[in-house]
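Q:
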Amino acid sequence: MAGERGDAARVRMAAPAERSMQVQSLVRALAILNRLGASDEGLKLIEIGQQVGLSPSTAHRLLTTLEQERYVHFDAERRVWSVGVQAFATGTAFLKSRSVAALAPGPMRALMELTEETVNLAMEDQHEAVYLAQVECRQMMRAFARPGGRVPLHCSGVGKALLSAMNRAEISRILHARGMARMTVKTINNTAHLHEDLAAARARGYAIDDEEHAIGLRCIAAVIFNEHAEAVAAVSVSGPMARITDARIPQLGEQVRRTADAITALYGGRVAHG
């Protein structure tokens, strides 16, 4: 009986160590997958070991396990390893289920706390910008855009941000279909001037609505991209000119751009500035 109790104690003592080794192997395998995913040409065994800090034998053991499950592929002719078909299948499951509206609230709330201004999320639909979500600030005087509300692309911050990610032909098609209605005395309703403004937005990384949609309100917006560096949405801060002053615009613009980049990363996208 004493021997049996001793065996049981040894099993209980070994279990945490075994679980720790399993977790370590999982972390190492994921590190290998991440390295292979970042390589366009695939990697040789020695390169993988060097990049993830493993001996060739340990790296090979993990690779063969991943290969059995088709998460990696070995090209015998070139002697290189690359991402396998199962990794692609797993990744596409994320693409099917992802939603920018579901991923954005955390970064949006953080941006509101940082800027103390209202934060909006919008996407292009039928040549207009439609608001998907808003995080209101705590200021007494604040901008309001209800989810589902629509604004023209050519004179809103989110709209101009979305336009700035399009090519000239797409922009011309939208302007031809929707026109450039003058919403205020500051609305840009000249095509050449709008293209100049969009070029400046691309260079900065954010667009500015300077009382172009509503007198007394300013909006600063940046683009959220998908994995093809195509615009899927835009995030913005908006508020009265009394708070969004000329001097404050560069700082707010950078904060909005960083938030857009963070949502892009959560979405699995690729930033396309400039």
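Count along the sequence shown from 1, then add 15; that gives the number in my numbering.
C-beta: ideal position from N, C-alpha, C; glycine also.
1) Using C-beta distances below 8 Å, list every residue in its chain close to residue 25, excluding the 5 sequence neighbours before and after it, in chain order.
2) Considering only residues of the same chain and omitting the five flanking positions on each side of residue 131, which have a CB-CB separation below 6 Å?
3) Could you give the C-beta distance for residue 271 and residue 252, rounded to a whole number, given that I count them as a contact under 8 Å?
4) With a threshold of 8 Å on Cβ separation, who are the neighbours of residue 54 within its own chain once the five nearest residues in sequence on each side are excluded?
5) Can you tell me whether residue 123 is buried or exposed, with buried defined as 16 or more other CB within 10 angstroms of its CB?
6) Please state if the CB of residue 247 and the CB of residue 115 are separated by a distance shorter than 7 Å.
7) Grouping DSSP H, G and I as helix and E and B as strand, with all else coil, what is residue 217?
8) Apart from the five residues just before and just after residue 168, which ones in its own chain have a Cβ nearer than 8 Å to its Cβ?
9) Tell me whether residue 228 is buried or exposed, calling it buried when 16 or more other Cβ atoms sit within 10 Å of its Cβ.
10) On a CA-only basis, which of 118, 87, 92 is nearest residue 103? Give me that one, please.
11) Assuming residue 44 contacts residue 69 under a Cβ cut-off of 8 Å, what Cβ separation, rounded to an integer in Å, is found between them?
12) State the Cα-Cα distance for the pair residue 257 and residue 282, rounded to the nearest angstrom.
13) Round the Cβ separation of residue 67 and residue 46 to the nearest angstrom and send it over; I've been treating them as touching at under 8 Å.
14) Look up residue 232 in the DSSP assignment and give the residues it is bridged to.
15) Go to residue 146, then tell me how far its beta strand (DSSP E) extends in each direction, as first and last residue.
16) What three-state label does DSSP hand residue 203 in the structure shown?
17) Counting only the same chain and skipping the five closest in sequence on each side, list residues whose C-beta sits under 7 Å from that of residue 201.
18) With 7 Å set as the bound, which would you pick, yes or no: does the beta-carbon of residue 175 sit closer than that to a beta-carbon of chain E?
19) Run through the DSSP bridge pairs and tell me what residue 58 is partnered with.
20) Going by DSSP, what residues sit across from residue 167 in a beta bridge?
21) Please classify residue 133: does DSSP put it in a helix, a strand, or coil?
22) I need the DSSP call for residue 19, collapsed to helix, strand or coil.
23) With the cut-off set at 7 Å, would you say residue 267 and residue 235 are in Cβ contact?
24) Would you mind reading off the limits of the beta strand (DSSP E) that contains residue 87?
25) Closer than 8 Å by C-beta to residue 95: which residues in its own chain qualify, once you throw out the five before and the five after it? Chain order, please.
26) With DSSP run on the structure shown, which of helix, strand or coil describes residue 244?
27) Spell out the partners DSSP gives residue 250 in its beta bridges.
28) Provide the residue span of the beta strand (DSSP E) that contains residue 262, from first to last.
29) Note the first and the last residue of the continuous beta strand (DSSP E) segment covering residue 287.
A: By the coordinates alone:
1) Because residue 25 carries a pLDDT of 49, less than 50, the predicted location of this residue cannot be relied on, and the following value inherits that uncertainty. Taken in chain order, the list of residues that qualify is empty.
2) 152
3) 6 Å
4) 97
5) buried
6) yes
7) helix
8) 139, 142, 143, 144, 174, 175, 177, 178, 189, 193
9) buried
10) 87
11) The Cβ separation is near 10 Å, so there is no contact.
12) 34 Å
13) 5 Å
14) 255
15) 143-150
16) coil
17) 225, 226, 227
18) No chain E appears in the structure shown, which is made up of a single protein chain.
19) 96
20) 143
21) strand
22) In this prediction, residue 19 has a pLDDT of 48, which is less than 50 and means its spatial position is unreliable; nothing more can be read from the coordinates.
23) yes
24) 87-90
25) 56, 57, 58, 59, 89
26) coil
27) 136, 237
28) Element bounds for residue 262: n/a, residue is neither H nor E.
29) No beta strand (DSSP E) holds residue 287; DSSP gives it neither H nor E.
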